[in-house]
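**Student:** Protein chains in written order, with the numbering used here: chain L, 1348 to 1677; chain D, 1348 to 1677.
Just passing along the structure, written as structure tokens.
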């Protein structure tokens, strides 16, 4: 019985390898133009997955981390999560006008983003906490999903989760098809991203890392829930990203993708490990199809990363040159 | 080519199912006596994995969480991590006697645990930080591994990682063989447990959740590292456990195992979700082979859990009755 089992398992493995081999011969990155960027990515995947390669990496160590805003989906004119916060504040204010109890919330309701931003971080948190605090994680998740299903981006008219980058969806799939685990390490809110990451990116909740508010465990009317509170827990940006990677993953990834200087330390941490490493920066160069910005942008500023990518061996992806498509579908 | 691929994949799946089916007919829990406890566990696994069952759970949602101290390995006469801290303090004091700069550290060096415990949490942290702070995560991990390879438990004479519970190793494997992911949610230190969890339990670093000190990202002599600092980050105990589960996993597990009232909220949270749920408490009843303690123990106190397990439908595992073996090997 045992020998029969072993033979079946061996045959299973062999056939599985053959099937996977035939499958991957199709172009895994059809929305990437045939530039050196695409070639470098595919070469790296080959290098770490070929058992005969001196740079072979076991599947457990094939960990890839990605920023979200500006890397996997858009971030202009400002972070999509802020649109959610403002839309939700308006909805709450209709039910209870008393919630509009500060200049920041008044500015948000009026759509005066200039005035809102002028109030700095304190004003933003005041607006954000209206929808992100004193609510259970389950209810918050439902709110985000309802918003995504109905809200439209003011410039493109698309659903916000329709503004993910098709070439990056393909990269995520290509990595997973080659035994990688794919993670999000975002300055955005962990519960906000988890509400759609599995459906949209194929990334399950446990592989989403983000900024947090403090949460507490409560039994409400006999039902245990996790409540979000109006206090910052952790800011997953800049030097916070490697810290969060250690806390959640506990080993150093071998692949990191970002688009702004908020991702600098993450790429530095990931690409300084031993063995094969890949650092990737999305450079927003495509004013015609998306947006063109870098050193002078308040959202997604990329300055030091551009200066040092060359010497550090990081790939700078030129959206206009390297991508045949931006968004999924027509 | 595509059709050939599809056929190979289909055959692969069929053979895989046959092989797995043959494999699981062997007793997955040989170190569990044939009591109702074992039957309940196996019945639950059947219930959630049988596609024809109304309680079928998809593999992605088959998440099982376990406490560590007293649940997966011993915790007497006190937490093994404290033995590490004291042993390491002695070693550090040999190199630099000036490190013994407090009554707590003096008591620890002298092996006077009564005096050490009398100092409360502050005294314990003072001893623990000597080995757990101002050190990189990589160096700390190496320290733990070196200690595990050489230290011996004062009562059993065993390696500390030889005091894992064989029946629980089998339970972890049985769950994983049935598509579960297995996680540790421990009051112990996250980096301490990660140093051995993969080797000993088959649980990778990213599935270990524990208490933390605050960490920071630093580039030391050009090398980016994560440094542990002498400040408490998060205490993963009691109501902290569901909070940490939400932070790291982001969905409610369906199986939870613990042994003390520190695990109460975790079991409450897990077993209050919809659909099939399993709560398990290890009751240390075996003075002959291990240790017998519950309501009056300072380490691993189990009081409310014993009172409420019945009404909450949690299984209380009686070590003396239910387990044919305690530790692995002879």
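From the three backbone atoms N, C-alpha and C, an ideal C-beta is built for every residue, glycine too.
Keep in mind that this is a model prediction, so the values were computed, not measured.
So for residue 1592 of chain L, helix, strand or coil by DSSP?
**Tutor:** In the first chain, residue 1592 of chain L corresponds to position 245, counting from 1. If DSSP states are grouped into helix, strand and coil, residue 1592 of chain L belongs with the helices.
**Student:** Which residue wins for smallest C-alpha separation from residue 1666 of chain L, given the options L:1651, L:1401, L:1659 and L:1635?
**Tutor:** Along the first chain, one-based indexing puts residue 1666 of chain L at 319. When each option's Cα is compared against that of residue 1666 of chain L, the closest is L:1635.
**Student:** Report the option in D:1453, D:1489, D:1615 and D:1499 whose CA atom is closest to the CA atom of residue 1541 of chain D.
**Tutor:** Along the second chain, one-based indexing puts residue 1541 of chain D at 194. The residue with the shortest Cα to Cα distance from residue 1541 of chain D is D:1489.
**Student:** Please identify the residue among L:1388, L:1438 and L:1403 whose C-alpha is closest to the C-alpha of residue 1621 of chain L.
**Tutor:** As a first step, residue 1621 of chain L is located in the first chain; it is residue number 274 there, counting from the start. Scanning L:1388, L:1438 and L:1403 for the CA closest to the CA of residue 1621 of chain L turns up L:1403.
**Student:** Just checking: is the beta-carbon of residue 1678 of chain D within a distance shorter than 8 Å of some beta-carbon in chain L?
**Tutor:** Any question about residue 1678 of chain D goes unanswered here, given that chain D covers just 1348 to 1677.
**Student:** Which residues, in order along the stretch 1590 to 1613 of chain D, keep a beta-carbon less than 8 Å from a beta-carbon of chain L?
**Tutor:** Cβ contacts with chain L come from 1590, 1593, 1594, 1595, 1596, 1597, 1598 and 1612.
**Student:** Alpha carbon to alpha carbon, how far is residue 1413 of chain D from residue 1532 of chain D? Give it in angstroms, no decimals.
**Tutor:** By one-based count along the second chain, residue 1532 of chain D stands at place 185. By one-based count along the second chain, residue 1413 of chain D stands at place 66. Taking the straight line joining both Cα atoms gives about 6 Å.
**Student:** In the stretch 1535 to 1546 of chain D, which residues sit with their C-beta less than 9 Å from some C-beta in chain L, listed in chain order?
**Tutor:** 1537, 1538, 1541 and 1545
**Student:** Does the beta carbon of residue 1570 of chain D come closer than 8 Å to any beta carbon on chain L?
**Tutor:** In the second chain, residue 1570 of chain D corresponds to position 223, counting from 1. Residue 1570 of chain D counts as touching chain L.
**Student:** Taking CB distances under 8 Å as the criterion, tell me whether residue 1579 of chain L reaches chain D.
**Tutor:** In the first chain, residue 1579 of chain L corresponds to position 232, counting from 1. With 8 Å as the cut-off, residue 1579 of chain L does not count as an interface residue toward chain D.
**Student:** With a threshold of 16 other CB atoms inside 10 Å of the CB of residue 1349 of chain L, please say whether the residue is buried or exposed.
**Tutor:** Residue mapping note: residue 1349 of chain L aligns to position 2 of the first chain, counting from 1. Because the pLDDT at residue 1349 of chain L is just 49, under 50, the model does not fix this residue reliably, and the value given afterwards should be weighed accordingly. Counting Cβ neighbours within 10 Å, residue 1349 of chain L comes out exposed, since fewer than 16 surround it.
**Student:** Name the one or two DSSP bridge partners that residue 1418 of chain D has.
**Tutor:** Translated into positions along the second chain, residue 1418 of chain D becomes position 71. BP columns for residue 1418 of chain D are empty, so no partner.
**Student:** Which residue marks the beginning of the beta strand (DSSP E) containing residue 1423 of chain L, and which one marks its end?
**Tutor:** Against the first chain, residue 1423 of chain L aligns to sequence position 76. Here residue 1423 of chain L belongs to no beta strand (DSSP E), and DSSP marks it neither H nor E.
**Student:** Taking only heavy atoms of the ligand ATP into account, decide whether any of them is closer than 7 Å to the Cβ of residue 1538 of chain L.
**Tutor:** The ligand ATP is not among the ligands present in this structure, which contains no ligands whatsoever.
**Student:** State the DSSP-derived secondary structure class of residue 1630 of chain L, mapped to helix, strand or coil.
**Tutor:** Translated into positions along the first chain, residue 1630 of chain L becomes position 283. Residue 1630 of chain L: strand per DSSP, three-state reduction.
**Student:** Quick check on the DSSP output: what are the complete beta strand (DSSP E) runs of length 3 or more inside the stretch 1538 to 1621 of chain L, in order along the chain?
**Tutor:** 1555 to 1567, 1570 to 1581 and 1602 to 1605
**Student:** Got a sec: is the Cβ-Cβ distance from residue 1398 of chain L to anything in chain D below 8 Å?
**Tutor:** Position 51 of the first chain, counted from the first residue, corresponds to residue 1398 of chain L. Output row for residue 1398 of chain L: interface = no.
**Student:** Along chain D, in chain order, which residues have C-beta atoms closer than 8 Å to that of residue 1559 of chain L?
**Tutor:** For the purposes of this step, residue 1559 of chain L is taken as the residue at position 212 of the first chain. Per Cβ cutoff of 8 Å: 1594.
**Student:** For the alpha helix (DSSP H) containing residue 1530 of chain L, name the first residue and the last one.
**Tutor:** Along the first chain, one-based indexing puts residue 1530 of chain L at 183. Run containing residue 1530 of chain L: none in the alpha helix (DSSP H); it sits in the beta strand (DSSP E), 1528 to 1536.
**Student:** Name the chain D residues that come within less than 8 Å of residue 1552 of chain L, Cβ to Cβ?
**Tutor:** Taking the first chain and counting its residues from 1, one reaches residue 1552 of chain L at position 205. By Cβ distance, chain D contributes 1596, 1597 and 1598.
**Student:** Using DSSP with H/G/I as helix, E/B as strand and the rest coil, what is residue 1661 of chain L?
**Tutor:** The residue given as residue 1661 of chain L occupies position 314 in the first chain. In the structure shown, residue 1661 of chain L sits in coil (DSSP, three-state: anything other than H, G, I, E or B).
**Student:** What is the residue span of the alpha helix (DSSP H) that residue 1411 of chain D lies within?
**Tutor:** Translated into positions along the second chain, residue 1411 of chain D becomes position 64. For residue 1411 of chain D, there is no enclosing alpha helix (DSSP H); the enclosing beta strand (DSSP E) has its first and last residue at 1410 to 1413.
**Student:** Looking at the structure shown, is residue 1644 of chain D part of a helix, part of a strand, or coil, going by DSSP?
**Tutor:** Within the second chain, numbered from 1, the residue matching residue 1644 of chain D stands at position 297. Coil at residue 1644 of chain D, not helix or strand.
**Student:** Which residues does DSSP list as the beta-bridge partners of residue 1462 of chain L?
**Tutor:** The residue given as residue 1462 of chain L occupies position 115 in the first chain. Answer is none; residue 1462 of chain L lacks a bridge partner.
**Student:** Closer than 8 Å, CB to CB, is residue 1453 of chain D near chain L or not?
**Tutor:** Stepping through the second chain from its first residue, residue 1453 of chain D is reached at position 106. Not closer than 8 Å to any Cβ of chain L, the Cβ of residue 1453 of chain D fails to qualify, so no.
**Student:** Measuring straight from C-alpha to C-alpha, what distance separates residue 1545 of chain L and residue 1649 of chain L?
**Tutor:** Translated into positions along the first chain, residue 1545 of chain L becomes position 198. Translated into positions along the first chain, residue 1649 of chain L becomes position 302. Approximately 28 Å, taken between the alpha carbons.
**Student:** Between D:1475, D:1468 and D:1593, which lies nearest to residue 1530 of chain D when the distance is taken from Cα to Cα?
**Tutor:** The residue you call residue 1530 of chain D lines up with position 183 of the second chain. Per the Cα distances, D:1593.
**Student:** Against chain L, with Cβ distances strictly below 8 Å, would residue 1563 of chain D count as a contact?
**Tutor:** Position 216 of the second chain, counting from 1, holds the residue named residue 1563 of chain D. For residue 1563 of chain D, the answer is yes, since a Cβ of chain L falls inside 8 Å of its Cβ.
**Student:** So which residues of chain L does residue 1656 of chain D contact, with C-beta pairs closer than 8 Å?
**Tutor:** Walking along the second chain from the start, residue 1656 of chain D turns up at place 309. Near residue 1656 of chain D there are no residues of chain L at all, since even the closest Cβ is about 16 Å away, more than 8 Å.
**Student:** Can you look up residue 1639 of chain D in the DSSP assignment and give me helix, strand or coil?
**Tutor:** By one-based count along the second chain, residue 1639 of chain D stands at place 292. Strand at residue 1639 of chain D.
**Student:** Quick check on DSSP: helix, strand or coil for residue 1331 of chain D?
**Tutor:** The question about residue 1331 of chain D has no answer, for chain D in this structure spans 1348 to 1677.
**Student:** I need the straight-line Cα distance from residue 1431 of chain L to residue 1418 of chain L, nearest angstrom please.
**Tutor:** Looking up residue 1431 of chain L in the first chain gives position 84. Looking up residue 1418 of chain L in the first chain gives position 71. Between residue 1431 of chain L and residue 1418 of chain L, the C-alpha separation is close to 19 Å.
**Student:** Nearest to residue 1407 of chain L by alpha carbon, out of L:1528, L:1668 and L:1661?
**Tutor:** As a working mapping, residue 1407 of chain L is identified with position 60 in the first chain. Ranking L:1528, L:1668 and L:1661 by Cα distance to residue 1407 of chain L puts L:1528 first.
**Student:** Under 8 Å, Cβ to Cβ, is there at least one residue of chain D near residue 1512 of chain L?
**Tutor:** As a working note, residue 1512 of chain L is residue 165 in the first chain. No, because no Cβ of chain D sits closer than 8 Å to the Cβ of residue 1512 of chain L.
**Student:** Helix, strand or coil: which one does DSSP assign to residue 1404 of chain D?
**Tutor:** For the purposes of this step, residue 1404 of chain D is taken as the residue at position 57 of the second chain. The answer is coil: DSSP assigns residue 1404 of chain D none of H, G, I, E or B.
**Student:** Output needed for residue 1385 of chain L: all residues of its chain with C-beta closer than 8 Å, excluding positions within five of it in sequence on either side, in chain order.
**Tutor:** Locating residue 1385 of chain L in the first chain gives position 38, where the first residue counts as 1. Once the five neighbours on either side are set aside, the close Cβ partners of residue 1385 of chain L are 1376, 1379 and 1669.
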